Amino acid sequence: SSPLPAAMRARIPSGKFWGASLGHLGDLDGDGAPELALASPTDDAGGTNAGAVFILSMVPLPAVDVRFKQGVMVELSMAADGATGRLASGTVSAGDQLGAYGNGVSALDDVDGDGVGDMLVGSVADADGATDADSVVVVMLETDGSVKGQQKITAGVGLTNGAALALAAEDRFGTNVAGMADWDGDGVPEAAVSAHLDDNLFDDAGAVWLLFLTATGEARATYRIATQLPLSASDAFGRGLTTVPDNDGDGKQEIAAGAYADDDGGNARGAVYIVFLQSVGGVGGTAEYRAHTKISATSGAGWVPVSPTDSQWFGYGITLMEATGSAAAVIAVTCHGDDDGGNEAGAVYVLALSSPSSGVAA
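Quick note, the sequence shown lines up with residues 152 to 513 if you use the working numbering.
Written out as C-alpha cells, the structure is:
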C-alpha cells in the first residue's frame, strides 16, 4: 500500500511533474514530525498548467508502513482558490505553473509573528507583472498547513515603502526561492528569489533578488545580485539557489547560486557562486554583496570535475546539507549532463565549503 494519503494518490496523474519542487516546512503542528510541500507545476486543477502545491503531514517515528497522516492534505491550486484555508481567489491562473521546477517551494521563518513557520511559493509562468516575468507568494500558514494569509510579489505587486522590482518578460522570477534569516532587525525573515533569465546585465545572464519582508509579506526593499559578478550572456545565474550558513565568520549567512550554462573550461560546463553578504544600514537596512567565490572547471581550489566535458550543467540545482566539523557548510550540486557513467548519465557533487579564499574544502 502507498504511504501517501488517498486524496494525494488520486491527484498524481501522469505528466504533471508531481514532486518537481519539494520543500521541508519544519514541524508546523508540533507533533515531532515535519510537514512537506510538494509541487506539481503542470497540474490542471482549475486551469491548464495552473499548477498545484500539496502540503502533507508526516507521521512521527517510529512509523510502520504509513509515513504520512492519512486524510490530511492541503491543496493550493486554481481550483481551490477562495476556499477557507486556501489561497485567495484569483491567486493562481491557467498557465502559471505554481510551484515551479527545482526549488520553487521553500520554508520561511515566521513572518506574521504567530509562532508558526511560513512558506514561499514561486510560479514559473505568472503574467501578473509581465508575461512570464513570474512571481513569488509569501504564504502565512496555520499549524495544520492551511493558509492564514498571503502576499504575491512581482513587478508592481506586493511592494511597499518605495521598493522596486525591475522585472521583464521571461525573466523567470520565482523559479527558485529560499527563505533567509532576519537581516534588517525588524523580526521578520527575508527571501532570496532567482530570475535566471534576467537580461539586466546580458541576455539571460540571470540574477538573484533579495526581498526584505514586512510582517504582512510585502517587500519593503529589494536588492539584485548580478552586476557584482563576472557573468556572461546565457549563464542562467540563479537556476540553482540555496542559502548557506555563515562561511566567512561575520555571523551572516551566504547564498549559493548556480550558473549552469557558464562556459569556464568549455561550453556550458557550469559554475556555482558562493556570494558573501553584509548588513547595511542597521535596523531597517538591507543585506548587500560583499564578495564572492566562484567554483567552476577553472576556479575554486579543491574542485576537480570527474568528467570534464561540455554541457555538464554543473549548478543546475543546489541544496544545503548538514554543516559538519570544520566546514561552514556542505552543499549538494547537480550536474545532470555529466558523462562519467554514460552519455548525460548525470551526477551529484557534494562540496564541503571552507573559507572564502579557497572555496571548496573537499
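Don't be surprised by glycine CBs; every beta carbon is placed ideally from N, CA and C. In this text, all values refer to a predicted model and were calculated from it rather than measured experimentally.
How far does the beta strand (DSSP E) with residue i in it extend, from its first residue to its last?
i       : result
Arg-420 : No beta strand (DSSP E) holds Arg-420; DSSP gives it neither H nor E.
Gly-468 : 465-472
Met-270 : 269-274
Met-291 : 286-292
Glu-405 : 405-410
Ser-505 : Premise fails: Ser-505 is in no beta strand (DSSP E) and is neither H nor E.
Ile-376 : 370-376
His-443 : 437-447
Does the distance from the C-beta atom of residue i to that of residue j stay below 8 Å?
i       : j       : result
Ser-191 : Gly-202 : yes
Val-243 : Met-224 : no
Arg-323 : Asp-279 : no
Thr-193 : Gly-166 : yes
Ser-385 : Ala-408 : no
Pro-156 : Gln-221 : yes
Ala-469 : Leu-362 : In the sequence as presented, Ala is not what sits at residue 469; that position holds Ile. No. Outside cutoff.
Gly-492 : Pro-459 : no
Could you please give the first and the last residue of the uninterrupted alpha helix (DSSP H) stretch that includes residue i?
i       : result
Met-224 : Not the alpha helix (DSSP H): Met-224 falls in the beta strand (DSSP E), residues 219-228.
Arg-160 : 157-160
With 16 as the cutoff for other CB atoms within 10 Å, does residue i come out buried or exposed?
i       : result
Leu-348 : buried
Arg-576 : Any answer about residue 576 is impossible in this case: the structure gives the chain only from 152 up to 513.
Ser-240 : exposed
Ala-356 : buried
Pro-381 : exposed
Asp-489 : buried
His-443 : buried
Leaving out the 5 sequence neighbours to the left and right, which residues in its chain are closer than 6 Å to residue i when beta-carbon positions are compared?
i       : result
Leu-259 : Asp-269, Met-270, Leu-271, Gly-330 and Pro-340
Thr-199 : Ala-245
Can you list, in chain order, the residues of its chain whose CB lies under 7 Å from that of residue i, leaving out five sequence neighbours each side?
i       : result
Gly-436 : Asp-335 and Ser-430
Ala-314 : Ala-370, Arg-371, Ala-372 and Thr-373
Ala-358 : Ala-346, Asp-349, Asn-351, Arg-375, Ile-376, Ala-377, Phe-388 and Gly-389
Does chain B have any CB closer than 8 Å to the CB of residue i?
i       : result
Trp-360 : The structure shown has no chain B; it contains just one protein chain.
Which residues in the same chain as residue i place their Cβ atom closer than 8 Å to its Cβ, once the five residues preceding and following it in sequence are excluded?
i       : result
Asn-327 : Ala-251, Gly-253, Asn-254, Gly-255, Gly-273, Val-344, Ser-345, His-347, Gly-389, Arg-390, Gly-391 and Leu-392
Asp-397 : Lys-403, Gln-404, Glu-405 and Ala-479
TODO: Output the residue ranges of the beta strand (DSSP E) runs that lie fully inside the segment 179-211 and measure 3 residues or longer, sorted by chain position.
DONE: Within the segment 179-211, the complete beta strand (DSSP E) segments at least 3 residues long are 186-191 and 203-209, listed from N- to C-terminus.
TODO: Counting only runs of 3+ residues fully inside the segment 302-339, write out the beta strand (DSSP E) ranges in chain order.
DONE: The qualifying runs are 324-330.
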